[in-house]
Amino acid sequence: MTRKGIAIFNMDKFLIKGGRPLKGEITVSGAKNAALKVLLASLLTDEVVVIENIPLITDFYLMVEIIKELGVSVKIFKKEHKIVLKNKGLQKVKVPLEMAARLRTSSMIIAPLLARFGQAQIPNPGGCRIGARPIDRHIKGLEKMGAKISYHPEDGYFHAQVKKLMGTNYKFPKNTHTGTETLILAAVLAKGETVLENAAQEPEVDDLIRLLNLMGAKIRRINSRKITIKGMEKLTGGEFKIIPDRNEVVTLAIAALATKGDLIIRGTQREILKAFLEKLDQANGGWEPLDKETTRFYFKSQLKATELTTSSYPGFMTDWQAPWAVLMTQAKGISTIHETVFENRFQYVQELRKLGAKIEFFNPEVKKPEKVYNFDWQDKTQFYNQAIRILGPTPLHEGILEVSDLRAGATLVLGALAAKGESLIFGVSHIDRGYEEIEERLKKLGAQIKRV
Ligand code: EPZ
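Sequential numbering from 1492 applies to the sequence shown in the numbering used here.
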């Protein structure tokens, strides 16, 4: 099925002839993990909301389809990467299953629907296959604000209702990026003040706060883990430009280094990339600031092995560990990656092995797993592994690969670009979910890649 030229379930493949250095300049798209949430903010007002620097990716179009279904009128100006939203009075409070099942962020719609209409029906969230990814921390917070929420297994929907959301004090049991955003979206029109403790501090959360405050909300980040939200009567419209996608910066920077190339990347906010830049220094990767938001990433000399543990912001992001694994296949020595945010984020390993990568799983000794891991320990199924060892440098060769989730998809493209010979990658639609026209943009940098 396709909508507006985006093939949702296409069987596209990438044919990549690797082994050539990437060189040139590229500008990063708007952040996917900010764009999906600021779309929801348009449901909180009847006035016009204009958003610039939107990423034209499948996930974005899927979320647009969902809010159109709920009654928001939408105009997308592709060339300007701009969208104009006008909420002409919601007609529905139930998110259609076949649309929402593919997009984890669809579950966040519960917040603006409860905030404005006192009721919502959302399906249990889907998204990438990288773990259980429940939304218990979201639900508990909304219930503390007075919402009555029940899960109906017969239709797989959460049914929620409330007369009026009340401000509350809620301490998240553990970090949740979209959970924090869901509670913020619910609290901006609630009665009274809400205080969120142990709140996430990913930069995309602050981008959403910036937009909502532009729309008249009164949200303040008191310290790195505490946010207060004063409930307002109503919000106005607003104009807003989304921050660049830091995950795309990391993917492209690693593409430059893994192919022994030299890239100038525009849209690099280095203050939110610190954990990546520090690791890059340890690995002997070359980078230099050219101006406030432009950075050059280049291959200096033999890369060095590193020890890495992922964590929520400001740590080394879980979204970056798969691309990093490709780089470490080219580093001298034994590297380790310990994934602590999701319980199943190493599906790409079996694919990289097809390119000749020498990677083995292990489970590090962890005294208090419930404290160390961001997922709930009981969600952990014994056969998942939480860490890998990578032996390098290992020359990579061509292979036939299958994409499992969005970030893993980009990782396989990196692997194929670094490998000698011609590789074929199936399941490219996962990559289109998070990277706009990736093959066109890589071609401009000298990559031999074509969609077949
Ligand atoms: C967001 O996912 C991002 N997605 C992810 O990016 C990112 O990897 C992740 O945050 C970490 O920064 C979007 O913003 C759309 P979490 P989110 O809630 O919010 C468990 C990408 O590729 N958990 O911080 O779903 C959960 O299972 C995506 O762009 C609960 O148990 O992440 C996970 O193991 C991938 N109960 C961990 O906590 C809850 O109620 C972190 O989840 C909520 C979360």
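Heads up, the beta-carbon is just placed ideally off N, CA and C, and yes, glycines get one too. Note that the structure is predicted; figures quoted are calculated from it, not measured.
(request) Have a look at the DSSP bridge pairing and note the partners of aspartate 1772. (result) Note: aspartate 1772 sits in no beta bridge, so no partner.
(message) Using the three-state DSSP reduction, which class does cysteine 1619 fall into: helix, strand or coil?
(response) Residue placement at cysteine 1619 is poorly supported in this model, since its pLDDT is 49, which falls under 50; the coordinates still yield a value, given next. Here cysteine 1619 sits in coil by DSSP.
(message) Counting only C-beta atoms, is leucine 1768 closer than 8 Å to chain C at any point?
(response) In summary, chain C is missing from the structure at hand, where a single protein chain is found.
(request) Keeping to the same chain, check which residues put their C-beta closer than 8 Å to that of lysine 1911; ignore five residues upstream and five downstream. (result) Gly1509, Gly1510, Pro1886, Leu1887, His1888 and Glu1889
(message) Do glycine 1729 and valine 1540 have their beta-carbon atoms positioned less than 8 Å apart in this structure?
(response) yes
(request) Just the C-alpha distance for lysine 1583 and leucine 1561, rounded to the nearest angstrom, thanks. (result) 5 Å
(request) For the stretch 1642 to 1670, list the beta strand (DSSP E) runs that are entirely contained and at least 3 residues long, ordered along the chain. (result) 1648 to 1652 and 1660 to 1662
(request) Determine the contact status of leucine 1674 and arginine 1607, defining contact as a CB-CB distance below 8 Å. (result) no
(request) Would you mind giving the Cβ-Cβ distance between isoleucine 1922 and valine 1894, rounded to the nearest angstrom? I have them listed as a contact below 8 Å. (result) 6 Å
(message) The beta strand (DSSP E) that contains asparagine 1578, what's its start and end?
(response) 1573 to 1578
(message) Can you look up asparagine 1957 in the DSSP assignment and give me helix, strand or coil?
(response) Residue 1957 falls outside the range modelled here, since the chain spans only 1492 to 1943, and no answer is possible.
(request) Just mark valine 1943 as buried or exposed, buried being the case when its beta carbon has 16 or more other beta carbons within 10 Å. (result) exposed
(message) So for glutamine 1877, helix, strand or coil by DSSP?
(response) coil
(request) Could I get the ranges of all uninterrupted alpha helix (DSSP H) runs contained in the stretch 1808 to 1866, with 4 residues as the minimum, in chain order? (result) 1812 to 1820, 1839 to 1845 and 1860 to 1863
(request) Would you check if the stretch 1684 to 1693 and the stretch 1511 to 1522 touch, i.e. whether three or more CB-CB distances between them fall below 8 Å? (result) no
(request) Starting from the N-terminal side, write out each stretch of the beta strand (DSSP E) that is 3 residues or longer and does not extend beyond the stretch 1707 to 1731. (result) 1709 to 1714 and 1717 to 1721
(request) Could you tell me the boundaries of the beta strand (DSSP E) in which serine 1914 lies? (result) 1912 to 1917
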